[in-house]
Amino acid sequence: MDVALSERDPEGMRDRDERPVPPSALFRRLVLINGLVFTVGTLVLAVSPATVSSPVLVTEVPVLIIGLIVILAANALLVRSSLAPLDALTAVMQRVDLLRTGDRLSDKGNGDLAHLITTFNAMLDRLEAERSESSAHALAAQEAERQRIARELHDEIGQSLTVVLLGLKRTVDRAPEELREELHASQESVRACLDEVRLVARRLRPGVLADLGLHSALIALSTEFSQVSGIPVTRKVDSGLSGLSEDTELVIYRIAQESLTNITRHARASTVTLSLGEHGGRLTLSVTDDGRGGVMKEGAGIRGMRERALLIGARLTVTSSPGSGTEVRLLLPG
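When the count follows the UniProt record's numbering, it moves up by one through the sequence shown with no breaks and lands on 334 for the last residue.
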């Protein structure tokens, strides 16, 4: 890559490589601090009655040691105060997560490091914007692929199984009595397979969301969850929801769907509560269970929900205490 760049623009590369780098404000501050400490130390020695003989007398050694300790301590305190903002910046670097936006370091009162902190915050803004854009493209492609697979399952595999089921029905009607029981078993197996294909297709492409709206889609989702898992769901869905964009409705639906899926796989819950409504003037989705809780590490499912939340500027929180269940809360922008 470097060779290719130099071949295309050798003069530009030489200018960039040979351009002198100006000293940073932090470097100037450190030079100033050390110069000030040494200057003050020199003045103190010049005006003080302390003298040093040659060779140094034993009685003069403590004076030299004390003077050196004072100079080093003063220099350490001044440098420490100058570099203190770097510790806060390092802490932000260690905990920063592009899926948890808004974690920034204030540049006020940081003196010469304000430019560094401002640059770092701008870098985070740029990375979060790029991550959000790439996630939007990836999730859009994922939704398109889900719809394609759902159509193929419904139109091709579903219809093929339906044809097989009708053929089995005609065969059962004409079959001898001793073969009808086995054919009935085959017929039920095909019917169960057809139902499973339709269920998978509905999960991949929530047609009820586009046809009947978010309220009906969440009711259908929770009903289907109860039928499959055997866990009752208490629904508190506001029926007066309106003015939501298609992207917002899809994000809410997918996060509720993923939350219920995680409950089935991991929670060992006996009851679930799904609510969607206004709380404090902001639309909030909450999915709560009474399972084992204790979610310590976020897997792909939760991180996927966070990516979806960022697409609409919403905030996702997961509260999970051992033995106290788990709550997934989506707070939409006001």
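Where is the CB? At the ideal position from N, CA and C, for every residue including glycine. None of these values were measured; they are calculated from a predicted model.
DSSP bridge partner residues for residue i (one or two, in chain order)
i: residue 320; result: 326
i: residue 234; result: 273
i: residue 331; result: 284, 315
i: residue 279; result: 282
Extent of the continuous alpha helix (DSSP H) run through residue i
i: residue 298; result: Neither: residue 298 is in no alpha helix (DSSP H) and is coded neither H nor E.
i: residue 184; result: 177 to 204
i: residue 240; result: First-last for residue 240: undefined, no H or E at that position.
i: residue 113; result: Premise fails: residue 113 is in no alpha helix (DSSP H) and is neither H nor E.
i: residue 157; result: Neither: residue 157 is in no alpha helix (DSSP H) and is coded neither H nor E.
i: residue 215; result: 214 to 229
i: residue 70; result: 61 to 95
i: residue 250; result: 246 to 262
Segment limits, beta strand (DSSP E) that includes residue i
i: residue 286; result: 282 to 289
As assigned by DSSP and simplified to three states, the class of residue i
i: residue 274; result: strand
i: residue 292; result: coil
i: residue 174; result: helix
i: residue 99; result: coil
i: residue 32; result: helix
i: residue 106; result: coil
i: residue 268; result: coil
Whole-angstrom C-beta distance between residue j and residue i, which should lie under 8 Å
i: residue 421; j: residue 161; result: The chain is shown only over 1 to 334; residue 421 falls outside these bounds and no answer can be derived.
i: residue 237; j: residue 226; result: The Cβ separation is near 14 Å, so there is no contact.
i: residue 327; j: residue 135; result: With 8 Å as the limit, residue 327 and residue 135 do not qualify as a contact, their Cβ atoms being about 24 Å apart.
i: residue 310; j: residue 99; result: 7 Å
i: residue 165; j: residue 194; result: 6 Å
i: residue 229; j: residue 264; result: 5 Å
i: residue 187; j: residue 168; result: 5 Å
i: residue 251; j: residue 302; result: In fact, because the Cβ distance is near 14 Å, the residues do not count as touching under 8 Å.
Check whether the segment 291 to 307 touches the segment 258 to 271, counting contact only when three or more Cβ pairs, one atom from each stretch, lie closer than 8 Å. yes
Take every Cβ of the segment 275 to 288, pair it with every Cβ of the segment 70 to 78, and state whether three or more of those distances are shorter than 8 Å. no
Report yes or no: do the segment 252 to 266 and the segment 320 to 334 share at least 3 C-beta pairs separated by less than 8 Å? yes
Taking one C-beta from the segment 148 to 166 and one from the segment 304 to 321 each time, how about it: are there three or more such pairs within less than 8 Å? no
Quick one: any contact between the segment 238 to 247 and the segment 208 to 223, if contact means 3 or more CB pairs under 8 Å? yes
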